[in-house]
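Structure first, commentary second.
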Amino acid sequence: MSTKKGLAFLLVSIFLGGCLIRCTSDKKKEVDPSPQYRTWSSYLGDPGRSHYSTLSQLTKENVKDLKVAWSYEADDWGQMQMNPLVVDSILYGVTAALRVVALHAETGEEIWQFGDSVKVWHSTSRGVSYWEKGDDKRILCTRGSDLFALNALTGKPIASFGDQGKVDMRSGMPESAKNKFVISNTPGTVYKDIIVMPLRLSEGPGAPPGDIIAFNILTGDVAWVFHTLPEKGEEGYDTWSTDPRESRTVGAANNWAGMAVDEEAGIIYAPTGSAAPDFYGGNRLGSNLFANCLLALDADSGKRLWHFQFIHHDIWDRDAPAPPNLLTVTQDGEKIPAVAQVTKQGYVYLFNRLTGAPLFDIEEVPVPQSTIEGEEAWPTQPLPIKPKPFARQSKDLTEADIGTFAENRDELLEFYASADKHQYAPPALTPKFLLPGYDGAAEWGGAAADPEEGILYVNANEMAWNLQIGPQDKIAEDTPMGQAAYQKYCVTCHQTDRKGLEASGFPSLLDLQLRKEKTEVKEIITNGKGMMTGFPQIEKKEMEALLRFLYEEEIQHNVVEKIASDTDETEGKPSYKHTGYNKFLDSNGLPGINPPWGTMHAINLNTGEFIWSIPFGDTPQLGERGKGTGCENYGGPIVTENGLLFIAATKDGYFRIFDKHTGDLLWEYALPAASFATPAMYEVNGKQYIALACGGEKLGTKKGNQIIAFALE
Numbered sequence: 120m121s122t123k124k125g126l127a128f129l130l131v132s133i134f135l136g137g138c139l140i141r142c143t144s145d146k147k148k149e150v151d152p153s154p155q156y157r158t159w160s161s162y163l164g165d166p167g168r169s170h171y172s173t174l175s176q177l178t179k180e181n182v183k184d185l186k187v188a189w190s191y192e193a194d195d196w197g198q199m200q201m202n203p204l205v206v207d208s209i210l211y212g213v214t215a216a217l218r219v220v221a222l223h224a225e226t227g228e229e230i231w232q233f234g235d236s237v238k239v240w241h242s243t244s245r246g247v248s249y250w251e252k253g254d255d256k257r258i259l260c261t262r263g264s265d266l267f268a269l270n271a272l273t274g275k276p277i278a279s280f281g282d283q284g285k286v287d288m289r290s291g292m293p294e295s296a297k298n299k300f301v302i303s304n305t306p307g308t309v310y311k312d313i314i315v316m317p318l319r320l321s322e323g324p325g326a327p328p329g330d331i332i333a334f335n336i337l338t339g340d341v342a343w344v345f346h347t348l349p350e351k352g353e354e355g356y357d358t359w360s361t362d363p364r365e366s367r368t369v370g371a372a373n374n375w376a377g378m379a380v381d382e383e384a385g386i387i388y389a390p391t392g393s394a395a396p397d398f399y400g401g402n403r404l405g406s407n408l409f410a411n412c413l414l415a416l417d418a419d420s421g422k423r424l425w426h427f428q429f430i431h432h433d434i435w436d437r438d439a440p441a442p443p444n445l446l447t448v449t450q451d452g453e454k455i456p457a458v459a460q461v462t463k464q465g466y467v468y469l470f471n472r473l474t475g476a477p478l479f480d481i482e483e484v485p486v487p488q489s490t491i492e493g494e495e496a497w498p499t500q501p502l503p504i505k506p507k508p509f510a511r512q513s514k515d516l517t518e519a520d521i522g523t524f525a526e527n528r529d530e531l532l533e534f535y536a537s538a539d540k541h542q543y544a545p546p547a548l549t550p551k552f553l554l555p556g557y558d559g560a561a562e563w564g565g566a567a568a569d570p571e572e573g574i575l576y577v578n579a580n581e582m583a584w585n586l587q588i589g590p591q592d593k594i595a596e597d598t599p600m601g602q603a604a605y606q607k608y609c610v611t612c613h614q615t616d617r618k619g620l621e622a623s624g625f626p627s628l629l630d631l632q633l634r635k636e637k638t639e640v641k642e643i644i645t646n647g648k649g650m651m652t653g654f655p656q657i658e659k660k661e662m663e664a665l666l667r668f669l670y671e672e673e674i675q676h677n678v679v680e681k682i683a684s685d686t687d688e689t690e691g692k693p694s695y696k697h698t699g700y701n702k703f704l705d706s707n708g709l710p711g712i713n714p715p716w717g718t719m720h721a722i723n724l725n726t727g728e729f730i731w732s733i734p735f736g737d738t739p740q741l742g743e744r745g746k747g748t749g750c751e752n753y754g755g756p757i758v759t760e761n762g763l764l765f766i767a768a769t770k771d772g773y774f775r776i777f778d779k780h781t782g783d784l785l786w787e788y789a790l791p792a793a794s795f796a797t798p799a800m801y802e803v804n805g806k807q808y809i810a811l812a813c814g815g816e817k818l819g820t821k822k823g824n825q826i827i828a829f830a831l832e
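Numbering (our numbering), first residue to last: 120 to 832.
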């Protein structure tokens with residue numbers, strides 16, 4: 120942790136200024152019906168994750184005059200997926216190497232920085248959480264498996280929290296999780312004096328259980344735990360063919376995307392992901408509660424109030440990708456407190472958030488059955504009648520939808536004809552045409568909501584992928600330890616030949632010795648990088664052998680030894696693995712389906728009808744033909760009460776403002792690097808700002824290191 124010298128006076132002025140601002144706001148509470156939407160002190164704007172602001176200095180008429188008010192250059196470069204927080208004139212963010220920074224929100228001047236100045240962390244973070252009680256103001260952030268509590272004004276760890284300012288999030292998990300990969304990419308949800316943590320885990324065999332854990336913000340002690348993999352005797356236990364907590368292969372069902380909280384009702388809404396391993400469920404037959412659910416939990420105790428399962432027995436990796444949105448909808452003249460969940464599948468599910476009753480009918484639809492020995496796909500899946508999907512579905516495409524810009528269209532059509540395009544077709548030895556793709560239609564950036572008008576704004580990807588599984592490789596007795604370790608941990612993403620899948624974001628590992636030091640590679644393997652999970656469980660001997668293999672040194676060492684493997688629990692039945700993440704691309708690296716490749720939608724959740732839908736983003740490599748094609752996008756929008764929608768997110772690297780009522784483009788700005796993040800909107804000294812992180816790197820874009828704020832001159 121380092122503190123900028125000479126800025127002590129600035130801290131005092133910010134603190135006093137913040138008090139004045141808040142005192143002024145307090146005086147306005149009687150006339151302002153929604154003061155919570157004028158600040159940005161919670162992830163995505165407010166506890167209901169609305170991405171919404173009532174600040175109105177920026178209008179449809181003057182947004183064309185927006186200018187860069189300030190920019191901050193971080194010490195490290197690359198993906199910054201964080202949504203900044205702004206409290207009492209201080210902006211809090213996280214850099215590409217997980218350094219937490221506090222900046223003056225009016226000038227961008229650094230106040231303090233927390234983080235290891237030598238060690239580079241290769242994970243990503245979507246931000247921090249803020250808590251205060253009286254003069255005690257804390258920033259909660261994570262690095263690796265550790266949750267830190269920092270003094271919000273100085274950046275120093277609070278010694279009374281856990282062990283000198285940090286707790287290991289695995290402390291609330293079973294002993295079996297002690298040495299396993301557990302991190303958090305998404306800020307925790309604060310309620311009273313607790314913080315409930317989203318956890319990212321391995322998605323392969325042996326992942327720990329994805330328990331939802333609340334920690335006391337004052338002490339770091341575990342406040343409560345909810346078992347997403349039920350223990351014997353708990354509800355949901357009988358939906359598993361094996362004890363999911365005792366299994367050596369089954370795990371996860373974790374919330375990694377974040378949560379929303381209704382502070383008045385005292386309910387936390389936690390969407391969960393799939394059980395591990397992802398694509399073969401022969402060792403976890405059943406519907407698999409509480410994986411792939413929206414859980415409504417009592418925020419004080421962690422007790423389940425209600426749930427809804429979006430996918431039964433998930434074998435497609437259809438995690439809920441973003442926090443839900445809390446809003447009010449009107450049906451039959453009645454105002455209903457609602458919770459909306461966007462999904463990778465391109466559907467929006469809407470519920471009464473107090474009772475869990477669906478606000479539009481949901482039908483259990485028959486789906487294809489598995490052809491894989493030992494697997495039993497669930498016979499039906501729940502699909503909402505309204506709204507219609509906000510992304511195209513594989514079942515609805517025809518040959519006319521393939522390869523408009525492709526030079527190798529015949530090759531694309533051949534693959535398309537051979538692949539199974541049925542909705543929820545289970546993974547098989549032959550290709551499954553997966554659209555929406557692995558990353559989904561909706562992404563982790565989530566949707567924006569007008570919380571009182573009942574309108575949802577969601578951006579979507581339209582990228583098709585190939586889903587396929589194959590027999591698990593048998594590792595021969597005489598396989599060198601390093602090669603065996605590569606087959607066990609790395610081959611799915613980086614392929615047998617180590618060439619990776621560059622177009623899908625998985626780099627080649629050939630000639631690694633010419634590009635990276637062993638110490639850095641070891642750190643990446645242990646702690647993960649970006650969306651790659653880490654493998655802290657690899658023992659020293661096995662790690663050394665894997666590094667020798669990657670650096671093409673294994674033959675000279677002649678290491679031949681069998682390594683330990685996770686026990687297969689399918690009682691002699693064949694075991695299967697995912698064959699890799701392959702995008703459906705043409706020979707020029709463009710999506711193999713016709714545009715649009717990215718879209719933006721406004722959906723009226725009072726009626727379930729779409730207000731408008733537009734292509735989102737351009738494809739510069741196509742020149743004029745690329746205008747309006749849409750492109751891949753990660754990161755969410757902000758909407759304002761007075762009619763604006765702000766969003767970056769696109770691969771083409773622009774920041775755009777739309778008319779939220781019509782979808783018309785009002786303004787765009789070429790950023791120094793793409794911003795795969797959701798912006799933050801705030802006001803300081805009577806001036807409205809919007810700030811966003813520009814880290815690039817994802818999707819092959821250039822790296823950046825800036826946080827930029829815009830305002831009117």
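Beta carbons: idealized from backbone N, C-alpha and C, even for Gly.
query: Simplified DSSP state of residue 812, which is helix, strand or coil; result: strand
query: Counted within 10 angstroms of its Cβ, other Cβ atoms place residue 749 as buried (16 or more) or exposed; result: buried
query: N- and C-terminal bounds of the alpha helix (DSSP H) containing residue 644; result: 637-646
query: The segment 350-370 contacting the segment 433-450, beta-carbon criterion three pairs below 8 Å; result: no
query: Rounded C-alpha distance that separates residue 660 from residue 831; result: 59 Å
query: Residue 260 - DSSP class collapsed to helix/strand/coil; result: strand
query: In chain order, each beta strand (DSSP E) run of at least 3 residues that lies wholly inside the segment 493-577; result: 499-503, 551-553 and 567-569
query: Reference residue 246; option with closest CA among 254, 444 and 267; result: 267
query: Residue 423 versus residue 416: straight-line alpha-carbon distance, rounded; result: 5 Å
query: Residue range of the unbroken alpha helix (DSSP H) whose run includes residue 601; result: 600-608
query: Contact set for residue 508: own chain, Cβ-Cβ below 8 Å, skip 5 residues either direction; result: 464, 465, 466 and 560
query: Identity of the residues DSSP links to residue 491 by a beta bridge; result: Paired residues: none, contrary to the question.
query: Beta-carbon proximity of residue 214 to residue 188, cut-off 9 Å; result: no
query: CB-CB length for residue 319 against residue 565, believed under 8 Å; result: Between residue 565 and residue 319 the Cβ distance is about 16 Å, and since that is not below 8 Å, they are no contact.
query: Any 3 or more C-beta pairs closer than 8 Å across the segment 469-486 and the segment 585-602; result: no
query: Straight-line gap, residue 273 to residue 524 (C-alpha atoms, nearest Å); result: 54 Å
query: Option nearest residue 265 by Cα separation, candidates 312, 279 and 286; result: 286
query: Beta-carbon contacts of residue 543 that lie in its chain and below 6 Å, excluding the five residues immediately before and after; result: 486 and 500
query: Among 451, 474 and 452, the one whose alpha carbon lies nearest that of residue 458; result: 474
query: Buried or exposed (CB count within 10 angstroms, at least 16 for buried), residue 324; result: buried
query: Exposed unless 16 or more other CB atoms sit within 10 angstroms - verdict on residue 768; result: buried
query: CA nearest to the CA of residue 234, picked from 250, 216 and 243; result: 216
query: Whole-angstrom distance between residue 774 and residue 766, CA atom to CA atom; result: 6 Å
query: Endpoints, beta strand (DSSP E) assigned at residue 459; result: 453-461
query: Spatially closest choice to residue 171 from 819, 821 and 799, by CA coordinates; result: 799
query: Length of the line joining the Cα atoms of residue 224 and residue 701; result: 42 Å
query: C-beta contact flag for residue 575 and residue 484 at 9 Å; result: no
query: Euclidean distance between Cα positions of residue 379 and residue 414; result: 11 Å
query: Short Cβ contact (9 Å threshold) for residue 200 with residue 754; result: yes
query: Coarse secondary structure for residue 232, derived from DSSP in three states; result: strand
query: Coil, strand or helix - residue 251 by DSSP; result: strand
query: Among 373, 279 and 817, nearest to residue 335 - alpha-carbon criterion; result: 279
query: Whether residue 315 touches residue 389 by CB criterion (9 Å); result: yes
query: Local conformation of residue 182 per DSSP, three classes; result: helix
query: Top-ranked residue by Cα proximity to residue 331, from 340, 803 and 317; result: 317
query: 9 Å Cβ cutoff met for residue 554 and residue 584; result: yes
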